[in-house]
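Okay, structure coming up:
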């Protein structure tokens, strides 16, 4: 959490504790085993090449990073002094004043973010080591603050500790995991001077077992009503007069304050809509103050079991009379952050890739997105005997899965990579889906952060199959009728920027393109009233694989009768401007009959 002098600055702290013993290492992905089904596929599917999400990081290296960060006294987000902020005086490390000790059971999603960059000189003064808090929001995703991420190479110098309520010390308590960060994202409009748009996501190289917590939804107002009870979590200093930190996780209950109250104390430094403040006015000393404090940076503010805020900044030493803790307002950032949580792709970067099959040879291929086009295709071998292939990540482990349908009997299979055995496994998930006219793997429809499946039966009824996050599904829920009026139903991600999964449908008559906005609910209310956004009668094929360009917005692909494939970049608008000007990404796509 950053601070400001006089009220408005940042200051440093020293972390004094030893080296943990990591519980888990990081496995690299390698080529997998043959894709075969327990049901006996008509044609055994060949061995695909899986790109590793990261180079293997030795456990000893992760331990070294934690130890170096623990011994450091640096600060995340240091910048030159601008305006009334002195970001270089801030402290980053979780601290709760006036809080109480809490257990892992109460906050299983808490994460410790350790960063250590040894400059390789004899002088330790040029080393960089700091600590931030965060929350597990998916098995490979950590939600944190942008000032903990921007300007740092987390894959090269970071380590994430989860599964423990104890701060990393001489040993890690049973169940703790040390993980390697793989990639990072921070809000593109983050401002290090004003600490505005202070939200980020770190992707881990491998999934953790910690139970995730969800972000609040877009448009949520109830969580921010003045007086609403919220909880902040963190480790660290429990007094404004001592640098000592807590070895146990702390939490504190804070009432949400109105924007007017926050602005009344902080003036223009509090940005309405982007920030929320909480807590009773600080007393001027530890006594009578309950507050997040310097260093709780990146940790969650939780309301009704969802993250409503991310610890961002506050006053120096946290107890200046009348002050409040300030958090990034998560409801305003779900549209930007959620695509980074649901961005699994074949090559392991921030851009969605494409899987497709040649109609004559039945060879499957993947094409990696470059952001504006697709790279040369890579063969996945023979995929005859199938008539549908979908890209998804049903177990949210950070490796993209394939869901496919066998032509002979309509059986559905889930092929997924297993890091522990460095091989592929295939499981039958449904039988006799031969008559289903549309099957879509759009992501999380129901709002529980677990990917779902959608199918349309021969009568035109749309069914939602809620994913359990492990390749199994809950009881299907009827969502609507009349869907056989569409000759295409596609979707992967959020097309209108509200953080909820949508669908794109084309009418059989007229070629009208409709946006079916997701609501984050199940049943008949899963999709809002359709919105006509385009007329595309000349296209012969469509694909929706997610965010191809890497800007956090779901994109769309359309092929014309001559075989030219166009990339339609998403804009996040639920209007006729839903897509930007299309760009041709190839002219030889007439040869393909299946798109993932």
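Numbering (the working numbering), first residue to last: 13 to 608.
By construction, the Cβ of each residue, glycine as well, lies at the ideal position given by its N, Cα and C atoms.
| Item | Value |
| --- | --- |
| heavy atom of the ligand FAD below 7 Å from residue 531 C-beta | Among the components of this structure there are no ligands whatsoever, and the ligand FAD is therefore not found. |
| Counted within 10 angstroms of its Cβ, other Cβ atoms place residue 508 as buried (16 or more) or exposed | buried |
| Between the CA atoms of residue 556 and residue 607 - distance to the nearest angstrom | 9 Å |
| Which listed residue (451, 308 and 601) has its alpha carbon closest to that of residue 403 | 451 |
| Sequence-distant residues of its chain with Cβ nearer than 7 Å to residue 530 (five each side left out) | 457, 512, 513, 514, 538 and 539 |
| Residue burial classification, residue 320 (beta-carbon count within 10 angstroms, cutoff 16) | buried |
| Same chain only: Cβ atoms within 6 Å of residue 158, ignoring 5 sequence neighbours per side | 198, 199, 202, 210, 211 and 212 |
| Paired residues, beta bridge with residue 595 - DSSP | 579 |
| Residue 567 classed as buried or exposed, judged by whether at least 16 other C-beta atoms fall within 10 angstroms | buried |
| Proximal residues to residue 284 (C-beta, below 6 Å), its chain only, five neighbours per side dropped | 271 |
| Whole-number beta carbon distance between residue 412 and residue 421, since they are thought to touch under 8 Å | At roughly 26 Å, the Cβ-Cβ gap does not stay under 8 Å, so residue 421 and residue 412 are not in contact. |
| Backbone secondary structure at residue 621 - three-state DSSP | Residue numbering for the chain in the displayed model covers 13 to 608; residue 621 lies beyond these limits and cannot be assessed. |
| Three-pair Cβ contact test at 8 Å for the stretch 494 to 507 versus the stretch 346 to 360 | yes |
| Cβ distance (whole Å) where residue 369 is taken to contact residue 401 below 8 Å | 7 Å |
| DSSP state of residue 351 mapped onto helix, strand, coil | helix |
| Sub-8 Å separation of residue 354 and residue 455 beta-carbons | yes |
| Identity of the residue in 575, 173 and 247 nearest residue 78 by Cα | 173 |
| Whole-angstrom distance between residue 114 and residue 583, CA atom to CA atom | 43 Å |
| Contact the stretch 430 to 441 vs the stretch 368 to 383: 3+ CB pairs below 8 Å | no |
| Inter-stretch contact at 8 Å, needing at least 3 Cβ pairs: the stretch 516 to 530 / the stretch 545 to 561 | yes |
| Which listed residue (290, 602 and 128) has its alpha carbon closest to that of residue 340 | 290 |
| For residue 340: DSSP bridge partner residues | 287 and 322 |
| Residue 192 and residue 176 closer than 8 Å at C-beta | no |
| Residue 106 burial status per 10 Å Cβ neighbour count (16 or more: buried) | Because the pLDDT at residue 106 is just 33, under 50, the model does not fix this residue reliably, and the value given afterwards should be weighed accordingly. Label assigned to residue 106: buried. |
| Per-residue DSSP class, three states only, for residue 602 | helix |
| Pair within 8 Å by beta-carbon distance, residue 287 and residue 338 | yes |
| CA-to-CA distance, residue 180 to residue 459, given in whole angstroms | 33 Å |
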